[in-house]
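The structure appears right after this line, and notes come after that.
In UniProt numbering, the protein residues as written are 1 to 478.
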């Protein structure tokens, strides 16, 4: 079924009105800025159910309209959507359910809720303009993302993910280059993956993967085998089909383990409460695992001195993080949620890395993490790459601070900096004037006025300011 067959149920609204109403809250946007008054949005109010497939008109190459379903969309068969040029948007404010979701070209498909697909999700030939954005959970058998299509997920899909890691927001099980090794031989053309053959096979409801293909995390877990004799008794992890694996039970045999790394963009997982049984751990690296949850049991690792949770997709951090009384180093780069107030109890903490912290929509100003000002013993604080909405005067209460990194975090929104000269131990200060986001206005050179009064500095980075610093240098003490 095409949308032409549903015209009697649609309300036609101007593009600008639709984007003002729905775009900001969902992330919907249209990369083609040359809209004319003839372009329209077809708005369907309330839930919608489609019998059969849903696709543009068969002879369409450039779709002259955009689509908004203000509610849930249920498609009994496939959402088969393409757009070879205009880059219009297809927005569902609620949940989207379908047998398969097949996307090609330059459509911008945004799902405000969950995406639940019985079969497969595919995107290809996107020309760096086609994209799929899912704000809720994603469930499918497999996600295939190739040839310059972009996919962004709020949480790692419950699926085998075979995709271009540079254009997919989550860790992948197989890269696009590895796809030829896992799809059925008949889907190859001279040894190379044929995306159109894959699409035809998906439309026919037939499998595309070779038998036995599993997510990488599950393969690693099975390769470890059962726990050796004498291991701490543990419940066998229950692994839903097509989901990444939990922390392997065999690790519990190592009662005296002091260092453990489970890091790796290609080994996403779920860290369960058994990690709390490794009480001898002093260093734990769980960066880049695709985690959305850090178990409360992390607080039982009372000997932990170094913890790296960078590069995950946490929805929240547990208050038990504040129970790590011996923790000296916490690396949490690219953190996607606020810090809990309980970390104020980490009085042994000396190094805190919050680089590129982004708990909101990327590119939006980020509230200063006030709780860090209560870490009186902190010596190194990395707040680089964050579009900070403010830098409070309370920062100067951190009298033990020796290194402060604010590169790329300043903007024209900041009228002044705290009196950093009142930090008696400050040796290293990084204040690059380069901004990270297009919507982040360049900071004024006036912010550097207080820098010239700091007499304790051994290292100063004020690159990227250009002529904005020249007029202020006359204030440097001689």
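From the three backbone atoms N, C-alpha and C, an ideal C-beta is built for every residue, glycine too.
Within the same chain, show all residues whose beta-carbon is closer than 6 Å to that of residue i, passing over the 5 residues directly before and after it, in chain order.
i	result
residue 283	259 and 306
residue 11	43
residue 441	411 and 412
residue 431	406 and 462
residue 99	77, 78, 118 and 119
Measuring straight from C-alpha to C-alpha, what distance separates residue i and residue j?
i	j	result
residue 75	residue 117	10 Å
residue 364	residue 356	12 Å
residue 435	residue 172	29 Å
residue 192	residue 389	48 Å
residue 295	residue 324	13 Å
residue 310	residue 416	30 Å
residue 186	residue 151	26 Å
residue 189	residue 81	24 Å
residue 142	residue 419	54 Å
residue 110	residue 84	18 Å
residue 449	residue 393	15 Å
residue 130	residue 73	20 Å
residue 48	residue 140	21 Å
residue 53	residue 371	51 Å
residue 276	residue 135	31 Å
residue 121	residue 384	36 Å
residue 447	residue 126	42 Å
residue 115	residue 197	24 Å
residue 56	residue 180	30 Å
What are the boundary residues of the alpha helix (DSSP H) that includes residue i?
i	result
residue 381	That residue, residue 381, is in no alpha helix (DSSP H); its beta strand (DSSP E) goes 380-382.
residue 195	195-203
Is DSSP giving residue i helix, strand or coil here?
i	result
residue 475	Residue confidence is low: residue 475 scores 36 on pLDDT, short of 50, so the model does not pin down where it sits. Its coordinate-derived value is still stated next. Helix at residue 475.
residue 131	strand
residue 258	coil
residue 458	coil
residue 76	coil
residue 22	helix
residue 98	strand
residue 342	helix
residue 482	The question about residue 482 has no answer, for the chain in this structure spans 1 to 478.
residue 451	helix
residue 430	strand
residue 446	helix
residue 164	coil
residue 336	coil
residue 55	strand
residue 284	strand
residue 208	coil
residue 482	The structure shown does not extend to residue 482, since the chain is modelled only from 1 through 478, so no value can be given for it.
residue 309	coil
residue 301	coil
residue 105	strand
Could you work out which residue in the options is closest to residue i when comparing CA atoms only?
i	options	result
residue 425	448, 396 and 433	396
residue 314	154, 443, 370 and 255	154
residue 349	341, 367 and 376	376
residue 137	370, 157, 145 and 128	157
residue 423	404, 22 and 430	404
residue 461	445, 406 and 420	406
residue 343	374, 455 and 13	374
residue 291	346, 263 and 45	263
residue 380	386, 64, 463 and 330	330
residue 369	335, 382 and 339	339
residue 445	285, 13 and 464	464
residue 353	162, 332, 176 and 345	332
residue 95	443, 382 and 133	133
Just checking residue i against the ligand FMN - is the residue's beta carbon closer than 7 Å to any of the ligand's heavy atoms?
i	result
residue 138	In the structure shown, the ligand FMN is absent, as is every other ligand, since no ligand is present at all.
For residue i, which residues from the same chain have a beta carbon less than 8 Å from its beta carbon, with the 5 sequence-adjacent residues on both sides left out?
i	result
residue 328	305, 306, 348, 349, 350 and 351
residue 458	427 and 428
residue 366	357, 358, 359, 360, 386, 387, 388 and 389
Locate the beta strand (DSSP E) running through residue i, then write down its first and last residues.
i	result
residue 124	120-124
residue 497	As displayed, the chain neither begins before 1 nor continues past 478, which places residue 497 out of reach and without an answer.
residue 66	65-70
residue 139	138-145
residue 152	150-153
residue 292	Counting along the chain, residue 292 falls outside any beta strand (DSSP E), and DSSP gives it neither H nor E.
residue 50	48-50
residue 12	11-13
residue 110	108-111
residue 405	403-405
residue 84	No beta strand (DSSP E) contains residue 84, which DSSP labels as neither H nor E.
residue 353	351-353
Between residue i and the rest of its own chain, which residues show a CB-CB distance below 7 Å, the 5 nearest in sequence each way excluded?
i	result
residue 124	104, 146, 147, 149 and 195
residue 256	280
residue 483	Outside the shown range of the chain (1 to 478) lies residue 483, about which nothing can therefore be said.
Is there at least one Cβ from chain C nearer than 8 Å to residue i's Cβ?
i	result
residue 390	Of the chains in the structure shown, none is chain C; there is only one protein chain.
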